[in-house]
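Numbered according to numbering that gives the first Met the number 0, the sequence shown terminates at residue 923, and the numbering increases by one at each position without gaps.
Written below as structure tokens is the structure these notes are about.
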Amino acid sequence: MRRSRGLAAALALTLAGAGTGIGIVLIPQASAITQPVAFTADNLPTWQPNGTVFAMAEANGTVFAGGTFSAVRPPDGAGGAEQEAVNFVALDAATGAPSSCKLSFTADEGGATVRALTVSKDKKTLYAAGWFGAVNGTPVSGLAAINIGTCTPKASFHPRFPATVRALAVSDDTLYAAGDFSTVEGAPRGRFAAVDAASGALRPFVADADEPGRAVAVDNDGKNVLLGGDFFTVNGAKSHALAVVNATTGAVAKTYGSIPPDSVVTHIAADATGYYTANEGTGGGAFGGRIALGTDFGEKWRDRCLGATQFVLPYDGVLYSSSRAHDCSLEGQFPDGRNNSLLAQLTDHAGAAPAPVGGFVRSPAKLGWHPTADGGPGAGIGARVMAIAERSGTKYMWVGGEFTQVNGAPQRALTRFASTGDVGAPTTPVASVSSVGPGEVQVRWRAGYDQDDSRLTYRIYRNGSTTPVATVGADSLEWQRRQVSWTDTTVKAGVSYSYQVTATDAAGNTSAPSAGVSVTVPHAVVAYPNQIRADGAGLYWRYDDTVSPYVADSSDGGNTGGVQLGAPALRQTPGAVTGASTAMGFNGTGQQVYSDHRETVGSSYSIETWFKANSPRGGKLVGFGNNTDRNSTEGDKQIYLTDTGRIFFGVDSGGAKTLSTGPTETFNDGKWHHVVATQGPSGMALYVDGQAKGTLGVTGSRPIEGFWHVGGDALGSWPSRPAGDFFAGQIDETAVYPKVLTQAQAKNHFDLAKAPTDTVSKVNATEDTYIDQGAPTTPYGASTSLAVRGTSAYETYLRFDTPAAPAGQVLKSAVLQVKTTTAAGAGTGDTVSVVPVTGTWSGAGTSFKTKPTLGTAPLGSFAGVPDGSGVRTAQLDTAALSTVLGTSYSLGLTSTGTDPLWIWSSEATAADAMPQLVLTFGAK
Numbered sequence: 000m001r002r003s004r005g006l007a008a009a010l011a012l013t014l015a016g017a018g019t020g021i022g023i024v025l026i027p028q029a030s031a032i033t034q035p036v037a038f039t040a041d042n043l044p045t046w047q048p049n050g051t052v053f054a055m056a057e058a059n060g061t062v063f064a065g066g067t068f069s070a071v072r073p074p075d076g077a078g079g080a081e082q083e084a085v086n087f088v089a090l091d092a093a094t095g096a097p098s099s100c101k102l103s104f105t106a107d108e109g110g111a112t113v114r115a116l117t118v119s120k121d122k123k124t125l126y127a128a129g130w131f132g133a134v135n136g137t138p139v140s141g142l143a144a145i146n147i148g149t150c151t152p153k154a155s156f157h158p159r160f161p162a163t164v165r166a167l168a169v170s171d172d173t174l175y176a177a178g179d180f181s182t183v184e185g186a187p188r189g190r191f192a193a194v195d196a197a198s199g200a201l202r203p204f205v206a207d208a209d210e211p212g213r214a215v216a217v218d219n220d221g222k223n224v225l226l227g228g229d230f231f232t233v234n235g236a237k238s239h240a241l242a243v244v245n246a247t248t249g250a251v252a253k254t255y256g257s258i259p260p261d262s263v264v265t266h267i268a269a270d271a272t273g274y275y276t277a278n279e280g281t282g283g284g285a286f287g288g289r290i291a292l293g294t295d296f297g298e299k300w301r302d303r304c305l306g307a308t309q310f311v312l313p314y315d316g317v318l319y320s321s322s323r324a325h326d327c328s329l330e331g332q333f334p335d336g337r338n339n340s341l342l343a344q345l346t347d348h349a350g351a352a353p354a355p356v357g358g359f360v361r362s363p364a365k366l367g368w369h370p371t372a373d374g375g376p377g378a379g380i381g382a383r384v385m386a387i388a389e390r391s392g393t394k395y396m397w398v399g400g401e402f403t404q405v406n407g408a409p410q411r412a413l414t415r416f417a418s419t420g421d422v423g424a425p426t427t428p429v430a431s432v433s434s435v436g437p438g439e440v441q442v443r444w445r446a447g448y449d450q451d452d453s454r455l456t457y458r459i460y461r462n463g464s465t466t467p468v469a470t471v472g473a474d475s476l477e478w479q480r481r482q483v484s485w486t487d488t489t490v491k492a493g494v495s496y497s498y499q500v501t502a503t504d505a506a507g508n509t510s511a512p513s514a515g516v517s518v519t520v521p522h523a524v525v526a527y528p529n530q531i532r533a534d535g536a537g538l539y540w541r542y543d544d545t546v547s548p549y550v551a552d553s554s555d556g557g558n559t560g561g562v563q564l565g566a567p568a569l570r571q572t573p574g575a576v577t578g579a580s581t582a583m584g585f586n587g588t589g590q591q592v593y594s595d596h597r598e599t600v601g602s603s604y605s606i607e608t609w610f611k612a613n614s615p616r617g618g619k620l621v622g623f624g625n626n627t628d629r630n631s632t633e634g635d636k637q638i639y640l641t642d643t644g645r646i647f648f649g650v651d652s653g654g655a656k657t658l659s660t661g662p663t664e665t666f667n668d669g670k671w672h673h674v675v676a677t678q679g680p681s682g683m684a685l686y687v688d689g690q691a692k693g694t695l696g697v698t699g700s701r702p703i704e705g706f707w708h709v710g711g712d713a714l715g716s717w718p719s720r721p722a723g724d725f726f727a728g729q730i731d732e733t734a735v736y737p738k739v740l741t742q743a744q745a746k747n748h749f750d751l752a753k754a755p756t757d758t759v760s761k762v763n764a765t766e767d768t769y770i771d772q773g774a775p776t777t778p779y780g781a782s783t784s785l786a787v788r789g790t791s792a793y794e795t796y797l798r799f800d801t802p803a804a805p806a807g808q809v810l811k812s813a814v815l816q817v818k819t820t821t822a823a824g825a826g827t828g829d830t831v832s833v834v835p836v837t838g839t840w841s842g843a844g845t846s847f848k849t850k851p852t853l854g855t856a857p858l859g860s861f862a863g864v865p866d867g868s869g870v871r872t873a874q875l876d877t878a879a880l881s882t883v884l885g886t887s888y889s890l891g892l893t894s895t896g897t898d899p900l901w902i903w904s905s906e907a908t909a910a911d912a913m914p915q916l917v918l919t920f921g922a923k
């Protein structure tokens with residue numbers, strides 16, 4: 000979430016402690032987030048260590064943090080002085096400030112560090128482990144027990160661990176340890192050991208591993224212990240990185256061989272339904288995700304996201320994790336890109352688990368909880384450890400590590416998030432609008448994003464009204480912001496409509512409204528786009544967008560928007576088809592558009608686009624790849640232009656299989672060309688400018704979960720590939736269909752590009768004023784509002800410089816649009832007539848005493864105008880208007896009643912305030 004605050008008719012829908020007193024934050028209770036996520040993503044002010052936090056635990060509203068640091072300081076912007084904190088700090092869960100408990104972990108040799116913390120079940124004892132020799136001067140050896148009530152080390156508890164201890168787990172009477180050690184109390188213990196939880200005496204538990212231990216957890220019934228680490232054997236039995244042993248003896252109960260050899264287990268956690276591992280790999284592509292085990296220790300699912308998971312924390316049905324997850328392609332989620340440090344997902348699938356992919360059951364999808372943290376110095380791990388604490392009925396998720404920023408603002412090593420107090424609003428939607436036939440407007444927008452709300456509510460406002468005409472709910476995540484659309488079926492032909500969209504999260508935080516977008520509804524179907532939709536396009540990019548980075552999908556319900564990369568040139572004219580539609584320009588050096596969500600493509604499909612090129616360099620026109628803003632490492636279904644101007648269509652079916660235009664045909668001639676490529680049960684086909692260019696009996700292609708790319712992406716070693724991957728020129732009217740188009744359909748699309756279309760001219764008033772009988776000598780040409788009433792009289796005069804009809808076209812519709820002001824009672828119950836002004840007038844000089852004469856024959860009327868600021872329209876007599884085209888023409892607004900109408904003038908600054916004539920011209 001970002002820090003912004005917010006703003007009925009027959010409609011069709013698509014998609015449907017004791018602290019120091021410093022840094023105290025009051026949490027508003029009236030808040031909500033998208034369940035089952037339990038915490039907001041709004042980080043709270045928290046004291047900050049000057050190093051790295053490796054371990055955390057909590058008890059009774061106090062959070063304990065251990066690591067490698069020497070001091071803590073207040074949150075940025077808060078008062079107070081830095082305090083000494085030698086590798087340990089205790090903090091109030093609710094305020095984020097240090098408590099009165101002060102402990103120093105020190106060592107005579109080497110740098111002391113605390114690597115593990117855990118609390119006894121009765122919440123009276125804190126166990127700390129790592130590399131240190133004393134706590135507040137009391138001698139210990141790598142492991143200490145702290146009386147929580149008195150904040151003092153237990154001097155009688157001092158088992159000797161001669162090497163670093165990295166993990167702890169405690170049962171009712173036994174403390175288990177994992178680390179680098181090979182002996183404990185002088186007795187052989189290979190990386191795992193157990194001591195009496197009260198006395199520290201060594202237990203007969205033996206679970207010797209050949210490589211370091213990093214994680215340990217007691218199972219739910221206390222009979223077994225799960226071990227994690229780097230090892231390949233435990234007590235001589237082969238088991239890499241994970242094993243289950245008897246809690247009393249250490250005898251091996253279950254081994255594992257499915258974790259890759261370059262991956263280790265860094266943490267293990269449990270809930271009532273099973274166990275979860277955090278994994279970290281070494282080298283490119285190594286397993287660094289998460290594994291869920293059942294209570295029988297069998298694997299339930301595996302999250303194969305790449306990115307060094309450090310910690311897992313199951314809570315209330317959700318698994319929270321800290322990692323450097325940067326590529327979740329194997330999970331069908333975000334592609335390789337930036338690190339995602341904090342993630343949440345369900346602990347198990349809702350319903351039946353999906354079929355395995357690549358030998359493993361995929362993990363439950365990620366949820367809408369996405370605070371961010373940078374990697375920080377050193378190893379660049381970022382978030383390393385998590386803990387949940389409660390104070391006064393509010394729960395807090397604490398996160399520690401080596402990060403230096405949280406949610407883009409400075410915050411080092413510690414941060415926290417509350418279960419209440421969601422204050423961040425979603426991002427502002429980016430809207431677009433289109434109408435390709437009478438009685439219908441498609442409003443569409445790129446879904447907003449909120450860091451802790453995946454389900455957002457969108458409200459659509461029409462013509463400046465403060466009351467929404469529709470409300471739509473839709474899901475989105477940071478990496479998946481699919482287009483949302485809604486169809487307004489209450490519109491009239493020849494009338495211009497404007498729309499804005501807001502996004503609201505579950506707590507009621509509302510984004511700013513989107514920039515207004517407008518469209519004039521045509522009198523007749525627009526032939527080309529209507530046919531593309533009718534033929535079943537599931538993706539249809541027309542490139543009429545006015546802002547970056549969104550490309551609207553004009554298909555009927557496909558909702559596959561595009562994202563611009565590298566700022567391609569918008570609204571290039573003329574486009575490939577007749578009418579006002581525009582194209583997009585690409586510079587050949589990195590600009591492209593990719594689709595907004597991952598998908599698979601069926602065995603039958605068609606790809607269609609128009610392009611114009613006039614340079615001796617080719618590039619990708621359309622293709623399918625496995626990444627978005629980085630070069631895809633897998634690609635298929637490619638249409639590309641060679642440097643000599645030939646067109647190739649290729650699929651990967653056991654190697655590249657291609658169709659192409661002839662060696663003497665060139666299509667880089669500066670003209671628009673139309674390409675359709677299909678594949679289905681009969682094989683491949685290629686059509687250019689409505690003509691068949693070849694077929695090939697290849698029905699297979701590469702199964703990729705990926706994204707559509709237009710204008711660029713990696714071409715690798717495809718046959719006759721151009722020198723560069725990126726196209727230089729213009730592209731228009733790209734469509735993808737989930738079926739095979741016939742040659743006749745391809746030819747029809749090519750021909751329809753030349754079909755005549757209506758021309759719409761929106762003419763703003765060049766001058767306006769009104770007269771007031773009660774102020775007979777006062778001119779109102781500079782007023783920001785205009786008025787109409789019969790008694791006592793107000794009359795409004797509007798002047799327009801009308802255009803001549805375009806060649807071969809006649810006026811088909813004329814509509815006057817005005818907008819009522821925000822004043823109370825601005826509407827009227829009386830009929831307001833629109834008449835021609837036959838006399839002379841000026842804004843500066845006309846008053847009631849010098850008012851012009853008016854025609855008697857009405858050109859149109861407003862049959863009553865409701866209160867509330869909004870755009871109002873009146874259909875005008877086209878025959879009368881046709882005779883004055885190409886001239887400066889004046890309209891008067893009059894009434895015979897006593898209820899005044901107040902509208903904005905051309906001097907007003909309100910959105911859509913300008914009085915306007917909307918003129919639609921069509922073929923004779």
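Ideal Cβ placement from N, Cα and C applies to all residues, glycine included.
Please read these numbers as outputs of a predicted model, since none were measured by experiment.
Cβ atoms of F204 and A196 stay farther apart than 8 Å, at about 12 Å.
Distance from Q742 to Y686 at the Cβ level is roughly 6 Å; contact confirmed, criterion being Cβ atoms closer than 8 Å. The C-beta separation of A825 from S868 comes to about 7 Å, placing the pair in contact by the 8 Å criterion. Taking C-beta atoms as the reference points, P158 and L201 count as a pair closer than 8 Å. A contact is defined here as three or more CB-CB pairs under 8 Å, and the region 540 to 560 meets this definition with respect to the region 480 to 489. Taking 8 Å as the cut-off, the Cβ atoms of V164 and G109 do not count as close. When S497, V62 and G472 are compared, the shortest CA-CA separation from K394 is found for V62.
Under the Cβ criterion (8 Å, minimum of three pairs), the region 29 to 43 counts as touching the region 433 to 451. Around the beta carbon of A823, fewer than 16 other beta carbons sit within 10 angstroms, so the residue counts as exposed. Counting only the Cα atoms, F610 lies some 41 Å from A873. By the criterion of a C-beta distance shorter than 6 Å, W901 is surrounded in its chain by S784, A786, T820, A822 and A825, once the five residues flanking it on both sides are discounted.
Between the region 903 to 916 and the region 741 to 759 there are fewer than three C-beta pairs closer than 8 Å, too few to call the two in contact.
I258 and P512 have their alpha carbons spaced roughly 49 Å apart. For L880, the closest of Y549, L810 and N667 by C-alpha to C-alpha distance is L810. When DSSP states are grouped into helix, strand and coil, R415 belongs to the strand group. Between the beta-carbon of A727 and that of R616 there is about 6 Å, and that keeps the pair under the 8 Å contact cut. Distance from I638 to G661 at the Cβ level is roughly 16 Å; contact not present, criterion being Cβ atoms closer than 8 Å.
DSSP, reduced to helix, strand and coil, places R190 outside both helices and strands of the structure shown, so it counts as coil. Shown here, Y448 sits in coil according to DSSP, grouped into three states, outside any helix or strand. I531: not part of any beta strand (DSSP E); member of the alpha helix (DSSP H) spanning A526 to A533, first to last residue.
If only uninterrupted beta strand (DSSP E) runs of at least 3 residues are considered, those enclosed by the region 343 to 417 are 382 to 390, 393 to 400 and 413 to 417.
Of all alpha-carbon atoms in P680, V870 and V883, the one lying nearest the alpha-carbon of W903 is that of V870. In the three-state reduction of the DSSP assignment, D750 falls in the helix class, which pools H, G and I.
In this structure, F87 lies away from F416, with their beta-carbon atoms at least 8 Å apart. Secondary structure remark: continuous beta strand (DSSP E) runs of at least 3 residues inside the region 70 to 140, in chain order: 70 to 72, 87 to 91, 112 to 118 and 124 to 130. The beta carbon of V836 is closer than 7 Å to those of Y796, P851, L853, S889, L890 and G891 in its chain, skipping five residues each way along the sequence. It is roughly 15 Å from the alpha-carbon of A89 to the alpha-carbon of G50.
The C-beta of E83 has fewer than 16 other C-beta atoms within 10 Å across all chains shown, which makes the residue exposed.
Looking at the backbone, the Cα of D642 and that of L564 are separated by about 23 Å. The bridge partners DSSP lists for F610 are H672 and I730.
Under DSSP, A177 takes part in a beta bridge, and its partners are A166 and F191. For G399, the closest of A64, L241, N625 and L226 by C-alpha to C-alpha distance is A64. Sixteen is the threshold: since fewer than 16 other Cβ atoms of the shown chains lie within 10 Å of the Cβ of D121, the residue is exposed.
Straight-line spacing of the CA atoms in G350 and G358 works out to 20 Å.
Contact between A268 and P211 is ruled out by a C-beta separation of about 19 Å, above the 8 Å threshold.
For V809, the pairing in a beta bridge is given by DSSP as G921.
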